[in-house]
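Trainee: Here the sequence shown is numbered in our numbering, starting from 1353 and rising by one per residue.
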Amino acid sequence: MCGIVGYVGPKLAAPILLDGLRRLEYRGYDSAGVALVDGPTITVHKEVGKVAMVQAVVPADAPGHTGIAHTRWATHGGVTQANAHPHTDMELGIAVVHNGIIDNDEALRQRLSAAGVEFRSETDTEVLPHLIRHHYKGDPTQAVIDALKEVRGTYGVVVAFAEHPGVMVAARLGSPLVIGLGEDENFIASDPHALVRYTRRVIYLEDRELATITADGVESVHLDGSEALHTVEELEAAFGTGDKGEFEHYMLKEIHEQPESIGRCLRGRVQPEAGTARLGGFDLLPRDLTEIPSVTIMGCGTSFHAAMLGAMAIEQVARVPARAVIASEFRWSNPQIDPKGLYLAVSQSGETADTLGAIKEVTTKGGKVLGVVNVVGSSIARLCGSGVYIHSGPEVAVASTKAFTSQISAMYLFTLMLGRTLTLAPNEAQHLARSLADLPEMVRAYLGNPGPIQEAVRHLVNARYVLFMGRGLSWPVALEGALKLKELAYIPCEAYAAGEMKHGPIAMMEEGTPVIVIVPSDANRERTLSNMREVQARGAALIVIHSRGDHQAASLAAVSIPVPRVHPLLTPMVTVLPLQLLSYQAALAMGRDIDMPRNLAKSVTVE
Ligand code: GLU
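#1: Looking at A1834: is its Cβ nearer than 8 Å to the Cβ of G1822?
#2: Can you give me the C-alpha to C-alpha distance between L1768 and L1696, rounded to a whole angstrom?
#3: Assign L1529 to one of three DSSP states: helix, strand, or coil.
#4: Is W1684 close to the ligand GLU? I mean its beta-carbon at under 7 Å from any heavy atom of the ligand.
#5: Run through the DSSP bridge pairs and tell me what P1914 is partnered with.
#6: Taking Cβ to Cβ, would you say T1707 is nearer than 8 Å to C1652?
#7: Would you report the Cα separation of V1750 and D1945, rounded to the nearest angstrom?
#8: Quick check on the burial criterion: 16 or more other C-beta atoms within 10 angstroms. Buried or exposed for R1639?
#9: Tell me which residues share the same chain as S1744 and place their Cβ nearer than 6 Å to its Cβ, disregarding the 5 neighbours each side in the sequence.
#10: Would R1485 and D1441 be called neighbours here (beta carbons separated by less than 8 Å)?
#11: Let's see if you can read the secondary structure: which residues bound the beta strand (DSSP E) around S1699?
#12: Please identify the residue among P1844, L1637, G1901 whose C-alpha is closest to the C-alpha of Y1817.
#13: Comparing C-alpha positions only, which one of H1903, R1463, D1595, T1418 sits nearest to G1391?
#14: If I measure Cβ to Cβ from V1622 and keep anything under 8 Å in the same chain, skipping five residues before and after, which residues do I get?
#15: Using the Cβ count rule (16 or more neighbours within 10 Å means buried), how would you classify L1637?
#16: I'd like the span of the alpha helix (DSSP H) that includes S1465, first residue to last.
#17: I need the straight-line Cα distance from S1882 to R1619, nearest angstrom please.
#18: Tell me which same chain residues have a C-beta within less than 7 Å of the C-beta of D1455, skipping the five on either side of it?
#19: Distance check for F1599 and P1517, CA to CA, integer angstroms please.
#20: Flag H1482 as yes when its Cβ comes closer than 7 Å to any non-hydrogen atom of the ligand GLU, and as no otherwise.
#21: Going by other Cβ atoms of all chains shown within 10 Å of its Cβ, with 16 needed for buried, is E1863 buried or exposed?
#22: In terms of DSSP beta bridges, what is F1539 paired with?
#23: Nearer than 7 Å: is that true of the beta carbon of R1524 relative to any heavy atom of the ligand GLU?
#24: Short of 7 Å in beta carbon distance, which residues of its chain neighbour W1827, apart from the five on each side in sequence? Order them along the chain.
#25: Label N1814 either buried or exposed according to how many other C-beta atoms from any shown protein chain fall within 10 Å of its C-beta, with 16 as the threshold for buried.
#26: By how many angstroms is the C-alpha of V1479 removed from the C-alpha of I1453?
#27: According to DSSP, is T1753 part of a helix, a strand, or is it coil?
#28: Would you list the one or two residues that DSSP bridges to I1497?
#29: What residues are listed by DSSP as bridge partners for P1866?
#30: Return the chain-ordered list of same chain residues with a C-beta closer than 6 Å to the C-beta of P1624, the five sequence neighbours on each side being excluded.
#31: Should the region 1461 to 1478 be called in touch with the region 1493 to 1500, which here means at least 3 C-beta pairs below 8 Å?
#32: Can you give me the C-alpha to C-alpha distance between V1509 and R1552, rounded to a whole angstrom?
#33: Using a Cβ-based criterion (distance less than 7 Å to any ligand heavy atom), does H1428 qualify as near the ligand GLU?
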C-alpha cells in the first residue's frame, strides 16, 4: 500500500534508498526500513515512525550496492519494529518488501511453521521470504515465480538475495511498480516520484509480470513463464516538482494552485464560442453521445464526492440518468452492467484498489470504463485505455484539494459536451462554456480575499461536534468539507443533505454547536435558509458560505464567508475553497500533521 524503493548499480545503495523513501513520505506511512545486500547475510535497518529514524541508524557509508526499502502502512499486525519491512527468511539470505495483502497468509504460515519456520512478525508479508526460501534452488527468479504461484492476494513485491548481490526480483499483482532505467544502474519504486531525481526513463510493470533487474538490464516475464514485452516510457515533466515554495505545507500550496490546476484541466478543451468541449481521450462522437442510456461514475473518498457532482450535473444538464457509486460497495454488489452504458472511474492516483476492482467488475460484464485520472501512466489510466487526464499536477498532501476541483472540471467539460449535443440551446451552452472558462479567475478572486476563516476556526477548535449541510450540488460539497475536517483536524463531524437535518442531526444541536452551511444563490437557496433558521433556533452557531451580496444569508450567520457569484452549476468550485482553508487552518491551530494526517495514505492501493 505504501512505498517501495530498490537500487542496483555501482553506487552505495543506502543514500539512494533513503532519498527515495523521503520522496514517497507524502503518501503517509507508519514505519520504514532498508535492506542492504553485502556479504553472506543481508543487513536490515527498520524503525517505527519517520524515514529520518531509519536514516539515523544507517551509517552514511553503509556498504551494499544493491538494496531494497519500504515505508509501511500496516494492514496485518500492529505498528511495531518487528512488523516493519523488509522481512527476511531465517538465514537472512532473502529480503522482501511488499505492498498489498496476502489473502492466504494464515494457511501458508501454518504450513511453513509446521516445516520449522520461526516467524518474527505478525505480518502477512513475512510468509513471502520463507516461501521463496522454500522454493529456492539457486535461481532467484524461478524461486519468486514458484512462491508467487502459491500466493493469493495483491502485491507489489521486490526481493533481494544475499547469494546474488547484483539482482533484484520484482513482481506485481494489483499494486503498482515502476522500473527506472539508468546508466549502468537500475531502480525500482512503487511511484515514479522516487525515481525522477535519477532517471525519467521508466518501464511500468503490469499485473502478473515479474522482472529480474540487474545493473545492466531488465528481463521481464509473465508469472506463467511466458515472455513479457515492455515498453520504455518517458516520465512527463510534471513529475518531481515536489517543492513547497513559499508555503508552509503542501496542502496550502495545493489549495493556492487551484487557479492554475483548473486552468490546465480546461485549457484546449472548453470552447466558449462553440459552446462545447473537446475531450479527445473520451473518443466519443456526437452520435455516440446520443446513444448513452445512462452514466455511472465510480470513486472513493474525495473522488466519490466529485463523482456525485459529476452525476448530478450530467443528469440535470444533459438529462441522461446518472449516478455516482462508491467503488468499494459497487464492486462487491453484483451490479447490473449495461454494455451500452457509460462508466467513469475517478481516481487522483489512478491506483485506488477498490476503483480498480470496480472497473474490472464492469469490464468482466461487458461494460466499458473511461478513466478520470491525474497520474499519467497509472494503473487505472492504463487499464481503461481511454479517458481524461485532469492535469492537476502532482498532489503531494495526503488530503486532496486541487485534484478534487480538477476532477469536477473534467466532468463538467463532459457535461457541457453531452448537454450541447442533447439538450442545451446554443446560447445556454455558450453561457456555461464561458462560465467554465472564467472559473480560474473566480477561484483566484476568492483565494485573494478568503473572508474571516480564522474567526470560523475559533468556533471549530473546541467543538465536540460539527454539522455541515447543503442541498443539491452543495450536499457533496458539505460531505467533502466534513471529510477534510475529519482527515486533517480529527474533529468529529458529519455532513447532511440540509433537508435531512430535521430527521436526526437536529438532536445534536446545543448552544454554540457549529453548523457550516453551504448556501450559494441557486434554486435551493430559499429552502436551505429555512433549515438554517431551524438549527439557529436550537442554539447553533452558523458559519455560512454564501454568494457575495446575499445579505439575507449573511444576516443569519455567526460567521459569514462570501464567495464569488458564478453559474449555479459551478458553485461547488468556489464553495469548497473556504472549506479547504477551514480544515487547513483548524488543523494548524490544533498542531496536527497537516500533510500526513494520522492513519491515512495518499493512494489507497489495498481494499
Ligand atoms: N500487508 C503488509 C503489512 O501489513 C503490507 C502493508 C503495506 O502495503 O504497506 O505489513
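Using N, Cα and C, we set each Cβ at its ideal position, and we do this for glycine too.
Bear in mind that the values here come from a model prediction, so they are computed numbers and not experimental data.
Mentor: In brief:
#1: Cβ distance not < 8 Å, so A1834 and G1822 don't count as in contact.
#2: Straight-line Cα distance between these residues: approximately 16 Å.
#3: It is coil, neither helix nor strand.
#4: Checking the Cβ of W1684 against the ligand GLU gives no.
#5: BP columns for P1914 point to H1898.
#6: Between T1707 and C1652, the CB-CB gap stays under 8 Å.
#7: Going by the C-alpha atoms only, they are around 10 Å apart.
#8: In this structure R1639 is exposed. Its beta-carbon is surrounded by fewer than 16 other beta-carbon atoms within 10 angstroms.
#9: Correct list, in chain order: S1613, N1726, K1754, A1755, S1758.
#10: Yes, the Cβ-Cβ distance between R1485 and D1441 is below 8 Å.
#11: Residues 1694 to 1699.
#12: Ranking P1844, L1637, G1901 by Cα distance to Y1817 puts P1844 first.
#13: Per the C-alpha coordinates, the member of H1903, R1463, D1595, T1418 positioned closest to G1391 is T1418.
#14: The answer, listed in chain order, is A1629, L1765, L1768, A1785, L1788, A1789.
#15: Result: exposed.
#16: Where S1465 is concerned, the enclosing alpha helix (DSSP H) stretches over 1457 to 1466.
#17: If I take the Cα positions, the gap works out to 40 Å.
#18: Setting aside the 5 residues that flank it on each side, D1455 is surrounded in the same chain by R1504, G1505, each with a C-beta closer than 7 Å to its C-beta; the list follows chain order.
#19: C-alpha separation (whole angstroms): 43 Å.
#20: Answer for H1482: no, Cβ out of range of the ligand GLU.
#21: So E1863 counts as exposed.
#22: Residue pairing by DSSP places F1539 opposite Y1359, G1532 in a beta bridge.
#23: No - the ligand GLU has no heavy atom lying nearer than 7 Å to the Cβ of R1524.
#24: Only A1849 meet the Cβ criterion.
#25: Under this definition N1814 is an exposed residue.
#26: I1453 and V1479 have their C-alpha atoms spaced approximately 11 Å apart.
#27: Reduced to three states, the DSSP call for T1753 is coil.
#28: Paired residue(s): none; I1497 is not in a bridge.
#29: DSSP output for P1866 lists A1893 as bridge partner(s).
#30: Once the five neighbours on either side are set aside, the close Cβ partners of P1624 are A1785, R1786, A1789.
#31: Verdict: no, contact absent.
#32: When only Cα atoms are considered, V1509 and R1552 end up about 22 Å apart.
#33: Yes, since a heavy atom of the ligand GLU falls inside the 7 Å radius drawn around the Cβ of H1428.
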